[in-house]
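Letter by letter, the sequence shown follows residues 0 to 459 in numbering that gives the first Met the number 0. Glycine residues also receive a C-beta, built at the ideal position from the N, C-alpha and C atoms.
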Amino acid sequence: MAENGERASFSGKIGFVLATSASAVGLGNLWRFPYETSHYGGGIFVLIYVVLAFTFGISLILMETSFGRRTGKSCVAAFSGFAKKYRFIGYLAAIIPMLIVPYYCVIGGWVLKWFFESVTGNLGTLAEDGGGYWWDIVTGSTDSGFFGPSLWFLIFAALCIVCIIIGVDKGIEKLSKILMPLLLVMIVGIMVYELTLPGIADGISFYLNPNLDALGPDTFLGAVGQIFWSLSIAMGILITYGSYTKKDVDLTESAVMVGVIDTVVAVMAGMMIVPVAFMFGFGDSNGMGLMFEALPQVFMSMPAGNVVAPLFYLLVIFAALTSAVSLAETCASVFNDGTRLDRKRSSGVTAVLILVVGLFCALSFDNGPLSFSIPLDQGVGLLGVLDSVTNSIMMPIAAILTCLFVGYVVKTTYLEEEIELSGEFKFKPVFRVMVKYLAPVFLTMILVFGILDLVGVSLW
Ligand code: PFF
Numbered sequence: 000m001a002e003n004g005e006r007a008s009f010s011g012k013i014g015f016v017l018a019t020s021a022s023a024v025g026l027g028n029l030w031r032f033p034y035e036t037s038h039y040g041g042g043i044f045v046l047i048y049v050v051l052a053f054t055f056g057i058s059l060i061l062m063e064t065s066f067g068r069r070t071g072k073s074c075v076a077a078f079s080g081f082a083k084k085y086r087f088i089g090y091l092a093a094i095i096p097m098l099i100v101p102y103y104c105v106i107g108g109w110v111l112k113w114f115f116e117s118v119t120g121n122l123g124t125l126a127e128d129g130g131g132y133w134w135d136i137v138t139g140s141t142d143s144g145f146f147g148p149s150l151w152f153l154i155f156a157a158l159c160i161v162c163i164i165i166g167v168d169k170g171i172e173k174l175s176k177i178l179m180p181l182l183l184v185m186i187v188g189i190m191v192y193e194l195t196l197p198g199i200a201d202g203i204s205f206y207l208n209p210n211l212d213a214l215g216p217d218t219f220l221g222a223v224g225q226i227f228w229s230l231s232i233a234m235g236i237l238i239t240y241g242s243y244t245k246k247d248v249d250l251t252e253s254a255v256m257v258g259v260i261d262t263v264v265a266v267m268a269g270m271m272i273v274p275v276a277f278m279f280g281f282g283d284s285n286g287m288g289l290m291f292e293a294l295p296q297v298f299m300s301m302p303a304g305n306v307v308a309p310l311f312y313l314l315v316i317f318a319a320l321t322s323a324v325s326l327a328e329t330c331a332s333v334f335n336d337g338t339r340l341d342r343k344r345s346s347g348v349t350a351v352l353i354l355v356v357g358l359f360c361a362l363s364f365d366n367g368p369l370s371f372s373i374p375l376d377q378g379v380g381l382l383g384v385l386d387s388v389t390n391s392i393m394m395p396i397a398a399i400l401t402c403l404f405v406g407y408v409v410k411t412t413y414l415e416e417e418i419e420l421s422g423e424f425k426f427k428p429v430f431r432v433m434v435k436y437l438a439p440v441f442l443t444m445i446l447v448f449g450i451l452d453l454v455g456v457s458l459w
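Below, the structure written as structure tokens:
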């Protein structure tokens with residue numbers, strides 16, 4: 000990023016696309032997309048996800064980035080600049096990363112643990128009991144009890160906090176330009192190896208063949224939540240990134256590139272994990288341990304698996320860290336903008352938030368010292384509650400309000416003019432219909448369904 004007058008800016012289109020993709024590509028693609036796909040019936044989820052990501056997802060990326068660039072402000076200020084009464088929309092979006100980053104670091108901790116075990120020759124332990132080790136770890140049933148998962152969470156959180164406090168995140172960003180393509184090469188390599196495994200065909204068919212029997216409103220709910228999570232939509236971050244973008248950057252092209260990169264990585268990660276998981280008997284409805292349970296078994300069966308596994312987990316750590324840092328940065332900048340706290344103190348508040356809420360997440364799995372049982376926790380404690388509430392309720396509300404604000408308060412022409420600064424806006428009519436009508440109606444349906452689903456009412 001370069002300083003340009005008073006506001007920092009990306010170096011150009013490539014700078015914007017790389018920074019946004021580094022933030023977008025992370026655990027959402029590698030951990031969350033595969034298990035959601037497995038959970039929601041395979042191919043049908045992939046199909047709906049891809050169609051929605053390319054239509055609705057890319058439109059919302061464009062809406063948020065152009066709004067950020069036009070106002071030149073980050074999330075809260077962008078809304079309150081019009082009138083104080085709109086400030087709450089910005090706050091709603093800004094709270095979401097604060098609820099996600101603590102549990103993001105818990106999952107980052109699991110990846111660190113998997114890296115450590117595989118680099119110290121314990122790949123076999125990770126693959127034990129058909130992958131049951133993951134559940135033992137998160138529920139504290141191993142020798143290390145809850146100390147184990149908490150320790151790895153603390154290490155990951157510390158890495159993230161150090162990055163935002165001393166600002167080495169730019170170095171990580173540079174490193175990730177080399178490491179991200181390497182991660183893709185590894186995903187392809189692992190996928191090609193898996194194709195040689197006898198019995199993989201059924202798994203591939205599960206992943207690629209849309210099975211209409213598995214289709215229900217919850218497939219859409221899952222897909223929309225995953226799109227928000229993976230593309231970093233409805234969390235204020237894209238508004239802030241848009242405000243760093245120079246006026247000559249083609250926003251439509253950039254939004255399409257970010258959407259395509261993120262979706263391609265997700266679909267490839269799914270292809271690497273879902274078919275083998277299916278083959279290893281994880282069935283067609285698995286939960287959030289999928290990546291940690293299925294992959295060690297692949298590495299065990301692979302020639303040189305004890306070299307491939309640590310390398311793979313190391314690359315996942317980098318992808319997760321760039322995303323965690325951008326989440327934490329967003330939180331720090333909200334504290335910084337919204338209070339009298341300076342940068343250092345805002346980072347400190349973010350650190351406390353991550354540590355306290357994250358520890359609660361790490362310790363509240365089944366039977367954990369801080370476990371509790373409410374319908375929303377899905378057996379995974381506070382982590383499950385935060386994931387469900389942000390995805391099924393808060394993000395749809397933030398996105399609906401942003402669409403209504405853009406469509407009916409400032410009007411879509413306000414953004415269209417901004418988008419046209421760098422060239423013809425070919426999709427203008429589609430964009431207008433999407434922002435004013437399709438997205439709000441569709442998201443309202445998703446929201447209603449999400450609330451009913453959370454309180455246990457099934458419409459299907
Ligand atoms: N999109 C990231 C992922 O898929 O892992 C998560 C994320 C990063 C969400 C940064 C929001 C954000 F601001």
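{"Asked": "DSSP three-state assignment for Ser421, whether helix, strand or coil", "Found": "coil"}
{"Asked": "Local Cβ density within 10 Å of Asn366, reported as buried at 16 or more and exposed below that", "Found": "exposed"}
{"Asked": "Pick from Met234, Lys176, Leu207, Leu382 that is closest to Pro395, judged by C-alpha positions", "Found": "Met234"}
{"Asked": "Pair within 9 Å by beta-carbon distance, Asp341 and Ala76", "Found": "no"}
{"Asked": "Leu442, buried or exposed, once every other Cβ within 10 Å from all chains shown has been counted against 16", "Found": "buried"}
{"Asked": "Ser8 in three-state terms, based on DSSP", "Found": "strand"}
{"Asked": "Contact between the segment 229 to 243 and the segment 54 to 64 (3+ Cβ pairs under 8 Å)", "Found": "yes"}
{"Asked": "Where the alpha helix (DSSP H) containing Met444 begins and where it ends", "Found": "438 to 453"}
{"Asked": "Terminal residues of the alpha helix (DSSP H) in which Met256 lies", "Found": "250 to 278"}
{"Asked": "Of the residues Tyr48, Gly347, Trp134, Val333, the one placed nearest Met290, counting alpha carbons only", "Found": "Trp134"}
{"Asked": "Trp228 versus Gly27 - alpha carbon distance", "Found": "6 Å"}
{"Asked": "CB of Met301 within 9 Å of CB of Tyr192, strictly", "Found": "yes"}
{"Asked": "Identity of the residue in Cys360, Met278, Phe359, Leu230 nearest Val257 by Cα", "Found": "Leu230"}
{"Asked": "Limits of the unbroken alpha helix (DSSP H) element including Ser370", "Found": "No alpha helix (DSSP H) contains Ser370, which DSSP labels as neither H nor E."}
{"Asked": "Exposure label - Gly378; buried when at least 16 CB within 10 Å", "Found": "exposed"}
{"Asked": "CA nearest to the CA of Thr262, picked from Phe15, Ile57, Ile43", "Found": "Ile57"}
{"Asked": "Within 9 Å, strictly: CB atoms of Phe53 and Val259", "Found": "yes"}
{"Asked": "Cβ contact check for the segment 311 to 323 and the segment 106 to 113: 3 or more pairs under 8 Å", "Found": "yes"}
{"Asked": "Member of Thr70, Ile13, Ile163, Val49 whose CA lies at the smallest distance from the CA of Thr343", "Found": "Per the sequence shown, the amino acid found at residue 343 is Lys instead of Thr. Among Thr70, Ile13, Ile163, Val49, the Cα nearest to that of Lys343 belongs to Ile163."}
{"Asked": "Check: Val24 C-beta below 8 Å from any heavy atom of ligand 1", "Found": "yes"}
{"Asked": "Rounded straight-line distance, which links the Cα of Leu352 to that of Pro180", "Found": "32 Å"}
{"Asked": "Spatial neighbours of Val248 in its chain, beta-carbon cut-off 7 Å, leaving aside the 5 residues before and after", "Found": "Gly11, Lys12, Phe15, Ser421"}
{"Asked": "Outcome for Ala82 when other beta-carbon atoms lying within 10 angstroms are tallied against a minimum of 16", "Found": "exposed"}
{"Asked": "Segment limits, alpha helix (DSSP H) that includes Leu211", "Found": "Taken as a continuous stretch (DSSP letters only), Leu211 belongs to no alpha helix (DSSP H), as it is neither H nor E."}
{"Asked": "Ligand 1 heavy atom lying under 8 Å from the CB of Ile99", "Found": "yes"}
{"Asked": "beta-carbon Tyr243 near ligand 1 non-hydrogen atom, thresh 8 Å", "Found": "no"}
{"Asked": "Spatial neighbours of Met444 in its chain, beta-carbon cut-off 7 Å, leaving aside the 5 residues before and after", "Found": "none"}
{"Asked": "Cβ-based burial, Leu182 [other Cβ within 10 Å; buried from 16]", "Found": "buried"}
{"Asked": "6 Å Cβ shell around Leu207 - same chain, five flanking residues per side excluded", "Found": "Gly42"}
{"Asked": "Nearest to Pro439 (by Cα), restricted to the options Val409, Ala397, Leu381, Thr195", "Found": "Ala397"}
{"Asked": "Supposed close pair Val434, Thr411 - CB separation, criterion 8 Å", "Found": "6 Å"}
{"Asked": "Contact check, Phe359 vs Leu220, beta carbons under 9 Å", "Found": "no"}
{"Asked": "Uninterrupted alpha helix (DSSP H) stretches inside the segment 48 to 77 (no shorter than 4 residues)", "Found": "57 to 70"}
{"Asked": "beta-carbon Met234 near ligand 1 non-hydrogen atom, thresh 8 Å", "Found": "yes"}
{"Asked": "Cβ-based neighbour list, Ala308, same chain, cut-off 6 Å, excluding 5 preceding and 5 following", "Found": "Ser117, Leu122, Phe298"}
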